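S.K.:
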Amino acid sequence: MTGTARKISQSGYYHVTARGNGRQLIFEDDNDRLLLLDKLRDAFAKGDIKVICWCLMENHFHLLVFDEKQTLSVAFQAVLSSYARLYNRKTGHSGHLFDARFWSEPIENEAQLLETVHYIHNNPQNAGISAACDYAWSSYGQYARGEEGLADTDLVLSMLGGAEGFVALSAHAPLAGEVDIQSEDARGLDTLRYDARVAEALMSHGISRAADVKALPKPKRNDLLRDLRGRGLSIRQVERLTGIGRGVIQNLEQRDENVTK
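For the sequence shown, this note's numbering assigns the number 96 to the initial residue and increments by one for each residue that follows.
(1) Check whether the Cβ of Lys-145 sits closer than 8 Å to any heavy atom of the ligand ZN, and report yes or no.
(2) How would you call Ile-48, buried or exposed, if buried means at least 16 neighbouring beta carbons within 10 angstroms?
(3) If you draw a straight line from the C-alpha of Arg-321 to the C-alpha of Trp-198, how long is it?
(4) Under a three-way DSSP split, which group does Lys-145 fall into?
(5) Quick check on Pro-314: does DSSP put it in helix, strand or coil?
(6) Which value, in whole angstroms, describes the spacing of the CA atoms of Leu-132 and Leu-181?
(7) Apart from the five residues just before and just after Leu-151, which ones in its own chain have a Cβ nearer than 6 Å to its Cβ?
(8) Taking only runs of the beta strand (DSSP E) that begin and end inside the stretch 113-173, which ones reach a length of at least 3 residues, in chain order?
(9) Comparing the C-beta of Ala-222 with each C-beta of chain C, is any distance below 9 Å?
(10) Considering just the uninterrupted stretch of the alpha helix (DSSP H) at Glu-259, what are its terminal residues?
(11) I'd like to know if the stretch 294-308 and the stretch 331-349 are in contact, where contact means that at least 3 CB-CB pairs between them fall below 8 Å.
(12) Run the CB neighbour count on Val-169, radius 10 Å, all protein chains shown included, and call it buried at 16 or more, exposed below.
(13) Would you check if the distance between the CB atom of Val-251 and the CB atom of Ile-147 is smaller than 9 Å?
(14) For Tyr-230 and Glu-243, what's the separation of their Cα atoms in angstroms?
(15) In whole angstroms, what separates the C-alpha of Asp-280 from that of Gly-190?
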């Protein structure tokens, strides 16, 4: 029986995951991790596929890729097959190393892209293994510290205003699903760049996480809400970011309007 056809991304961006068969470990040591990265680099260069970010875990790995020419399936299966043969030869393992079918999800807007970047880099932290900034086997160091590696960081860093914006993004989840594609610039992704504005607003008020907004004294909290709205975020975006109800935000704006009348 054939599987369901993969969904094609209109933007060319995909979140891709490969897991060990039955969730088995897919790396014995760091040499295995380096081998997989080398195979990804070689195969993706031939297929003209760009890796935007990546993270290797113990029994699976994540990639965010740009595949304009739709060569991902062939290139990725070649990588998995080649790596599995070498791994099995080294370890004496027999049978399938990876699940028969890798998982992929189209990325169709900037908000979804940034949410995926956040999710991939925070995998080790969410699993209780390591803080994202301390984990060696992801592209975090390329983004935050300018290290060399597999990822092409230009697009995301330009969207976030540089490494500082990336670090802020990693500290809190972006606002998912708020931005629709409006044009074909940035290879089909809208360039609203609201996350850089959020990071700037939070830091200017002395906090680094959106979750801390609720704990601010009311006058400081209201100043930050005004700042976020002044930077162009919608009431819905501010509500989802801070967890503060839209009624509170609307009442604050109504009071401000009455004062200025």
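Built from N, CA and C at the ideal position, the CB exists for glycine as well.
As the structure is a prediction and not an experimental result, all values here were calculated from the model.
M.R.: This is what the structure holds:
(1) What this structure holds is no ligand at all, so the ligand ZN is not there to describe.
(2) Here the chain covers residues 96 to 356 and nothing more, so residue 48 does not appear.
(3) Working through the sequence shown from its first residue, we reach residue 321 at position 226. Working through the sequence shown from its first residue, we reach residue 198 at position 103. Straight-line spacing of the CA atoms in Arg-321 and Trp-198 works out to 41 Å.
(4) Within the sequence shown, residue 145 is the residue found at index 50, counting from 1. Of the three classes helix, strand and coil, the one that applies to Lys-145 here is strand, per DSSP.
(5) As a first step, residue 314 is located in the sequence shown; it is residue number 219 there, counting from the start. Looking at Pro-314 - three-state DSSP - the assignment turns out to be helix.
(6) Here residue 132 refers to the residue found at position 37 of the sequence shown. Here residue 181 refers to the residue found at position 86 of the sequence shown. Approximately 14 Å, taken between the alpha carbons.
(7) The residue you call residue 151 lines up with position 56 of the sequence shown. For Leu-151, where only same-chain residues beyond five positions count, the Cβ hits under 6 Å are Arg-128 and Trp-232.
(8) For the stretch 113-173, whole beta strand (DSSP E) runs of length 3 or above, ordered along the chain, are 145-151 and 155-161.
(9) Absent here is chain C; the protein component of the structure consists of one chain.
(10) Sequence index remark: in the sequence shown, residue 259 carries index 164 (1-based). In the DSSP assignment, Glu-259 falls within the alpha helix (DSSP H) that extends over 258-266.
(11) Touching, yes.
(12) The residue given as residue 169 occupies position 74 in the sequence shown. Here Val-169 is exposed, its C-beta having fewer than 16 other C-beta atoms within 10 Å.
(13) What you label residue 251 is simply residue 156 of the sequence shown in a count that begins at 1. What you label residue 147 is simply residue 52 of the sequence shown in a count that begins at 1. It is a contact, given that the beta carbons lie within the stated cut-off.
(14) Along the sequence shown, read from residue 1 onward, the residue named residue 230 stands at position 135. Along the sequence shown, read from residue 1 onward, the residue named residue 243 stands at position 148. Rounded to whole angstroms, the gap between the alpha carbons of Tyr-230 and Glu-243 is 15 Å.
(15) Translated into the one-based positions of the sequence shown, residue 280 becomes position 185. Translated into the one-based positions of the sequence shown, residue 190 becomes position 95. Note that Asp-280 scores a pLDDT of 33, beneath 50, so its modelled location is shaky; the value from the coordinates is reported in the next line. Whole-angstrom Cα-Cα distance: 45 Å.
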